[in-house]
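Sequence lines, in order, name chains A and B. Counting along the first sequence from 1, when you hit position 198 you're at 198 in the numbering used here, and nothing is skipped either side. One rule links them: number in the numbering used here = place in the second sequence (from 1) + 1000. We put the CB at the ideal spot given by N, CA and C, even for glycine. Have a look at the structure below before the remarks.
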Amino acid sequence: MLNLLPLIQNETLKVWKKKRFYVIVLILVVLIPIFTYAQMKMAQSSEDKDWRSKLLQQITDYQNALSSDRIPEEWKTQRRVMVQQLQYYLDHDVNPNSPNAVTFTRGFLDNSITLFIPLMVLAIASDLVSGERTTGTIKMLLTRPVRRWKVLLSKAVTLTLYVSLIIVTTAVLSYLLSGIFFGYHGWNQPVFTGFQVQGSAVDSSQVHAVPQWLYILMQSGLIWFSAMTVALLALMVSVLVRSTAASIVTMMAAIIAGTILANMASSWHSAKYLFAVNLELTNYLKGTPPPIEGMTLPFSLLILAAWSAVSLIVSFVVFTKQDMMN
Amino acid sequence: MHTQDSTEAGDKQVVLSVRGIRKRIKGKWIIEDVNFEVREGEIFGFLGPNGAGKTTTIRMLVDLIKPTAGEIILCGHNVQREPEQALRYVGSIVENPEVYPYLTGWENLEHFARMMPDVGQDRIREVVAIVGMDKRIHDKVKTYSLGMRQRLGIAQALLGRPRLLILDEPTNGLDPKGIKELREFVRMLADQGMSLFISSHLLSEIQLMCDRVAILSHGKVLAVGDVDELVGGAEPYVVWQLDDPEKGKGCLAGVPGLQFAEAGIRLPDESQLAALPGAIVTTLPAEQVPVAVRLLVEAGIGVLAVQKMMPTLEELFLNMTEGEGIA
Chain A
1 MLNLLPLIQN ETLKVWKKKR FYVIVLILVV LIPIFTYAQM KMAQSSEDKD
51 WRSKLLQQIT DYQNALSSDR IPEEWKTQRR VMVQQLQYYL DHDVNPNSPN
101 AVTFTRGFLD NSITLFIPLM VLAIASDLVS GERTTGTIKM LLTRPVRRWK
151 VLLSKAVTLT LYVSLIIVTT AVLSYLLSGI FFGYHGWNQP VFTGFQVQGS
201 AVDSSQVHAV PQWLYILMQS GLIWFSAMTV ALLALMVSVL VRSTAASIVT
251 MMAAIIAGTI LANMASSWHS AKYLFAVNLE LTNYLKGTPP PIEGMTLPFS
301 LLILAAWSAV SLIVSFVVFT KQDMMN
Chain B
1001 MHTQDSTEAG DKQVVLSVRG IRKRIKGKWI IEDVNFEVRE GEIFGFLGPN
1051 GAGKTTTIRM LVDLIKPTAG EIILCGHNVQ REPEQALRYV GSIVENPEVY
1101 PYLTGWENLE HFARMMPDVG QDRIREVVAI VGMDKRIHDK VKTYSLGMRQ
1151 RLGIAQALLG RPRLLILDEP TNGLDPKGIK ELREFVRMLA DQGMSLFISS
1201 HLLSEIQLMC DRVAILSHGK VLAVGDVDEL VGGAEPYVVW QLDDPEKGKG
1251 CLAGVPGLQF AEAGIRLPDE SQLAALPGAI VTTLPAEQVP VAVRLLVEAG
1301 IGVLAVQKMM PTLEELFLNM TEGEGIA
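Here it is as structure tokens:
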């Protein structure tokens, strides 16, 4: 009956007026210059050297590590893959770390996909429903002539909007702020993608160069996908758990557990079905070996989509049937 | 004890009809068989001690909780099956008026207006004027006092031009002046044809505010009826103040049809009696009062005051629940 648009307007307004998004922007504005400064220091310390000799140095370091007996086999695999990738850049005379705002943005996005972006998403998703229950406003919300599924749908749409906004804001802010130090160029610098990791070898037959702007676009899309999975799971937890604090802690624990598992569970194969292990989608783009053998980009997308679908179903079924006791 | 519904009810439209609702929570029956009807333009009291199931019932009326059995019909629509139609006719405050503290009063009203059909800026302005909040409406709600939050709560409940307004313990936290204003406000709304459903655990409040009442205890409705009728059902007391109470008592004992309240009969409100030291409480048919007075005068006993005292709902209620307790 009633159009969804006014409901979405309500929800968007409430998140905005709660000043959650301001906090997120504030965190970004504080953190990005810190990382930029660190990056700049790093660049300065080796300014005297040519990037080629730096890359060669790095390759030699990795190879030395490979010959050591004390390094576990998994690490060696990773090192071998990295050596081959660096070699590829060297062969094609492309500097993978040339300091500019676009490269910084690419690196920042890569590193923020596991914890930083999910954390910001949780700041908004975790109290969408539980927050209204804690304050009791849910009673006012659900005694309107509006079906409950519409209320929840409007919240889910609002969440999608904010997740997208968070990712765009992160990318734009990191470009604008790091550009102050590094300069705003680098859009068309080539990045190699398409490395196929098979065991300890890298198949570079599929490798092709894409301009950095396109790479960032692809990256953002994957980050959006993984962030949406986190958001929808958080929405479900927010429906199931009455307290916002409990809801945030539950989700944070799941995500952190996932990143820890990704580092140590390479021999526990069924762990690859856990959502948190699959969040690092951008690694497929970069060509880093997956945490568990047999994981591929389509596989991870499928797993995340399945988790999202299940959490949406649970959220809607529970929310529409639930007795609102307080 | 079950008082019949008042007879002239037939010509007034039923706004809310509650039929045999029951609710079981965690294996325990919280509500067992609640039935009542609220008609157009009446102020309906919902009376019961804390824990009797008042709020649970109200939550079922507005679709926050689904009844295990039974049905609730609001203006011809089943609340559980057609919430979009049914809830259009009802405005409510369940427990405290919970609004968004980080929005202004006006933004809160706009928020709720967007969730209802045909409620625009004009209507918001109207309800703000009705509750008299023009001055502070653009301030953040977190700066409001409890009384103002209450007003804002009523304003949002009135937004959709409801035919039934549900107020859950509305006088909680209000000072005597606020309670008096609320009473007048409620009467004004009823005079405009709105029905009101007001829950309370205080009998005096229901007595002062309501036309009809349902009395709830342990999840069951004990009685539904006119407030006057439920009160009128019991005989009024005749309270005597005499200059010589001892002698007077002996004299009164000779009046036909007179009974002393002390002799196992219920007493009226103790707080009222406390103001009348030495008073003798009796029950006596009205036509026998002059006979008794004459007898006292003839015996040379000075009559200081004779007054009728209505039993309160409180007393009535105590009797009902005590009876239930024994059974």
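- Inclusion of Gly1225/B and Gly1041/B in the CB contact set at 7 Å is not warranted, their separation being larger than that value.
- Per DSSP, the beta-bridge partners of Gly1091/B are Leu1165/B.
- The beta carbon of Ser311/A sits closer than 6 Å to those of Leu232, Leu233, Met236, all from its chain and outside the five residues before and after it, given in chain order.
- Contacts between Gly136/A and chain B, judged by CB atoms closer than 8 Å, involve Glu1095, Asn1096, Glu1098 in chain order.
- In the DSSP assignment, Trp1029/B falls within the beta strand (DSSP E) that extends over 1028–1039.
- Here the C-alpha atom of Thr1056/B lies approximately 30 Å from the C-alpha atom of Pro6/A.
- In terms of Cβ geometry, Thr114/A and Leu279/A form a close pair [threshold 7 Å].
- Under the Cβ criterion of 7 Å, Ser1092/B is counted among the residues facing chain A.
- Leaving aside the five residues that flank Val1239/B on each side, the residues in its chain whose CB is nearer than 6 Å to its CB run, in chain order, Ala1279, Val1281, Gln1307, Met1309.
- In the DSSP assignment, Pro211/A falls within the beta strand (DSSP E) that extends over 208–211.
- DSSP places Thr1283/B outside any alpha helix (DSSP H); the residue lies instead in the beta strand (DSSP E), whose first and last residues are 1280–1283.
- Relative to Gly1027/B, the option among Thr1068/B, Asn1050/B, Gly1091/B whose CA is nearest is Thr1068/B.
- Chain B places no beta carbon closer than 7 Å to that of Lys150/A, leaving this residue out of the contacts.
- Of the residues Ile1130/B, Gly1257/B, Ala1113/B, the one whose Cα lies closest to the Cα of Gly1160/B is Ala1113/B.
- Distance from the CA atom of Glu1032/B to the CA atom of Ala171/A, rounded to whole angstroms, is 59 Å.
- Restricting attention to alpha helix (DSSP H) runs no shorter than 4 residues, the segment 143–183 of chain A encloses them at 148–182, ordered along the chain.
- At a cut-off of 7 Å, the C-beta of Leu1087/B has a neighbouring C-beta in chain A.
- Classified as exposed, Leu4/A has fewer than 16 neighbouring CB atoms from the shown chains inside 10 Å of its CB.
- Within the same chain, Cβ atoms closer than 8 Å to the Cβ of Gln219/A are found at Arg106, Leu109, Asp110, Thr282, Leu285, the five residues on either side in sequence being excluded.
- Looking at the DSSP output, Gly1225/B bridges to Val1213/B.
- Tyr89/A and Phe192/A have their alpha carbons spaced roughly 8 Å apart.
- For Leu165/A, the closest alpha carbon among the candidates Gln322/A, Gln196/A, Gly221/A is that of Gly221/A.
- Contact between Leu1074/B and Tyr1089/B holds, since their C-beta atoms are separated by about 5 Å, short of 8 Å.
- With respect to chain A, the C-beta atom of Val1062/B has a partner C-beta closer than 7 Å.
- Pairing Val121/A with Val29/A gives a Cβ-Cβ distance that is not under 7 Å.
- In this chain, Ile313/A is not harboured by any beta strand (DSSP E); it is covered by the alpha helix (DSSP H) spanning 297–321.
- Contact between Arg1039/B and Ser1145/B is absent: CB atoms are separated by about 35 Å, not below the 8 Å threshold.
- In the structure shown, the three-state DSSP call for Leu1047/B is strand.
- Judged by DSSP in its simplified three-state form, Ser1017/B adopts strand.
- From the beta-carbon of Pro6/A, the residues of chain B found nearer than 8 Å are Arg1114, Met1115.
- The three-state reading of DSSP puts Thr103/A in helix, counting H, G and I together.
- Counting along the chain, Lys1308/B sits inside the beta strand (DSSP E) bounded by residues 1303–1309.
- Bounds of the alpha helix (DSSP H) holding Pro118/A are 116–125.
- Flagged as an interface residue toward chain A: Leu1103/B, by a C-beta distance shorter than 7 Å.
- Residue burial is scored here from C-beta neighbours: Met1188/B has fewer than 16 other C-beta atoms within 10 angstroms and is therefore classed as exposed.
- Secondary structure remark: continuous alpha helix (DSSP H) runs of at least 4 residues inside the segment 1090–1164 of chain B, in chain order: 1105–1113, 1121–1130, 1146–1158.
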